[in-house]
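Position one of the sequence shown corresponds to residue 0 (numbering that gives the first Met the number 0), numbered consecutively onward. For every residue, glycine included, the Cβ atom is placed at its ideal position computed from N, Cα and C.
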Amino acid sequence: MTVLEQHGAYAPTPPPSWRPRTAPAPLLPDAEPHRVLGVERADGGPAPDGGLLLRLYESMVRGRRYNEQATALTKQGRLAVYPSSTGQEACQVAAALALREDDWLFPSYRDTLAAVARGLDPVQVLSLLRGDWHHGYDTRATRVAPLCTPLATQLPHAVGLARAAQLRGDEVAALALVGDGGTSEGDFHEALNFAAVWHAPVVVLVQNNGFAISVPLAKQTAAPSLAHKAVGYGMPGRLVDGNDAAAVHGVLTDALDRARRGDGPTLVEAVTYRLEAHTNADDATRYRTEAEIAAWRAHDPIALLEDELRQRELLDDAEAERVASAAERQAAELRERMNQDPEPDPMELFGHVFGERTPQLRAQAEQLRAELTAESAHAAPGDAHRGAHGGREAR
Ligand SMILES: Cc1ncc(C[n+]2csc(CCOP(=O)(O)OP(=O)(O)O)c2C)c(N)n1
Ligand SMILES: [Mg+2]
């Protein structure tokens with residue numbers, strides 16, 4: 000007789016870890032994206048704080064200029080590649096400003112503005128996109144993880160960090176940014192599943208900009224919305240207008256507060272649009288029309304915020320001019336610093352790969368060191384800087 004044939008062996012007694020099914024309704028996102036700017040406050044609730052709106056505005060104006068400058072630097076050969084977030088500034092800046100100092104940000108390659116708005120050095124943020132082997136800033140000191148190019152890999156990192164904070168009793172939340180295309184990755188599924196099971200203090204912001212390079216959302220998913228994906232994992236999904244900086248800031252602040260309180264993770268979908276091509280290497284005219292872009296330009300995140308600020312007399316021409324000049328100065332400084340040639344040390348090739356170098360790598364390192372020393376001995380007087388390479392070697 001097999002165990003399956005024993006009478007009553009598999010009586011459906013719930014195991015100790017069995018839990019009742021939860022009602023999905025409280026987790027479901029609203030049918031329409033949440034909006035704040037330009038909306039009548041019918042509920043009589045307070046208008047968003049004027050100081051916050053001005054900070055968002057200034058960062059967004061600077062951000063747009065930063066995107067323009069970085070794209071120009073690709074054409075001058077100073078940057079290898081640049082994924083512009085023009086059109087998505089509300090998400091970028093609101094994400095950075097919703098974080099507390101102790102919180103962590105987990106960005107993707109497109110989230111340079113979020114890192115800069117969090118206070119990182121604008122040049123260091125571009126290190127990876129410049130083609131350097133390292134990502135340029137101190138992750139622990141800034142609490143900003145490296146910009147992740149492999150899609151959605153930042154999400155399990157964020158959940159892991161949030162889980163560790165939870166176990167240590169730190170009141171810290173992690174905010175991870177991902178694109179619409181990234182939600183089809185296995186890492187998205189694994190991260191959200193762990194986050195929900197562990198009740199981890201993490202918030203995932205999906206910037207749904209309509210495309211994964213040339214693939215439109217309709218070919219990416221059949222879900223009712225990306226926010227609905229939350230329900231299957233057992234966490235709330237929130238849908239927000241990603242071009243409305245006040246709305247994104249409000250939704251993320253609530254979700255981060257919830258996470259820090261110990262009430263678990265949230266998935267937020269921000270509906271937005273990338274106004275430029277995927278990167279400087281992409282020709283967006285091959286997969287989308289001028290009319291589509293014009294429709295989104297009419298819902299420009301900076302104009303939307305500026306209208307509200309002017310209506311509330313929080314912004315006048317002089318202040319707008321001051322903000323534009325500050326953005327221009329920041330761009331000029333970025334240009335100047337990016338135009339300085341970095342002096343890479345060829346010996347760094349051998350660093351940070353093996354804890355203990357293999358005999359072959361040791362031999363190659365010695366050979367390169369000898370060549371560099373010989374080269375610097377023969378260097379013309381104007382080439383003096385090359386002599387520096389012989390000694391410095393990353394370990
Ligand atoms: C694991 C992985 N697969 C494929 C790619 C190539 N790739 C780079 S960006 C991209 C599209 C991503 O689209 P989305 O997640 O919507 O982000 P967006 O670029 O729109 O911000 C793809 C497929 C990659 N970087 N990583
Ligand atoms: Mg996308």
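Item: Nearest to residue 245 (by Cα), restricted to the options 307, 169, 83, 329; Value: 307
Item: Same chain only: Cβ atoms within 6 Å of residue 57, ignoring 5 sequence neighbours per side; Value: 322
Item: Unbroken beta strand (DSSP E) run spanning residue 236, endpoints; Value: 236-240
Item: Contact set for residue 136: own chain, Cβ-Cβ below 6 Å, skip 5 residues either direction; Value: 119, 123
Item: CA-to-CA distance, residue 372 to residue 90, given in whole angstroms; Value: 50 Å
Item: Within 8 Å, strictly: CB atoms of residue 313 and residue 242; Value: no
Item: Sub-8 Å separation of residue 190 and residue 128 beta-carbons; Value: no
Item: Cβ-based burial, residue 25 [other Cβ within 10 Å; buried from 16]; Value: exposed
Item: Within 8 Å, strictly: CB atoms of residue 29 and residue 238; Value: yes
Item: Cβ distance (whole Å) where residue 403 is taken to contact residue 186 below 8 Å; Value: The chain is shown only over 0 to 394; residue 403 falls outside these bounds and no answer can be derived.
Item: Length of the line joining the Cα atoms of residue 370 and residue 255; Value: 54 Å
Item: N-terminal and C-terminal residue of the alpha helix (DSSP H) that residue 154 is part of; Value: 153-167
Item: For residue 73, the three-state DSSP class (helix, strand or coil); Value: helix
Item: Which of helix, strand or coil DSSP assigns to residue 146; Value: coil
Item: Proximity test, residue 338 beta-carbon vs ligand 1 heavy atom, cut-off 7 Å; Value: no
Item: 8 Å Cβ cutoff met for residue 219 and residue 176; Value: no
Item: Cβ pair residue 93, residue 247 closer than 8 Å; Value: yes
Item: Span separating the alpha-carbon of residue 194 from that of residue 264; Value: 6 Å
Item: Any non-hydrogen atom of ligand 2 closer than 7 Å to residue 242 Cβ; Value: no
Item: Within-8 Å CB hit, residue 85 to chain C; Value: Given the protein chain composition of this structure (a single chain), no chain C is represented.
Item: Cβ-based neighbour list, residue 277, same chain, cut-off 8 Å, excluding 5 preceding and 5 following; Value: 82, 210, 212, 213, 283
Item: Any residue whose CB is nearer than 6 Å to a heavy atom belonging to ligand 3, listed in chain order; Value: Among the ligands in the structure shown, ligand 3 does not appear; only ligand 1 and ligand 2 can be found there.
Item: Best match in 196, 77, 225, 52 for proximity to residue 130 [C-alpha to C-alpha]; Value: 77
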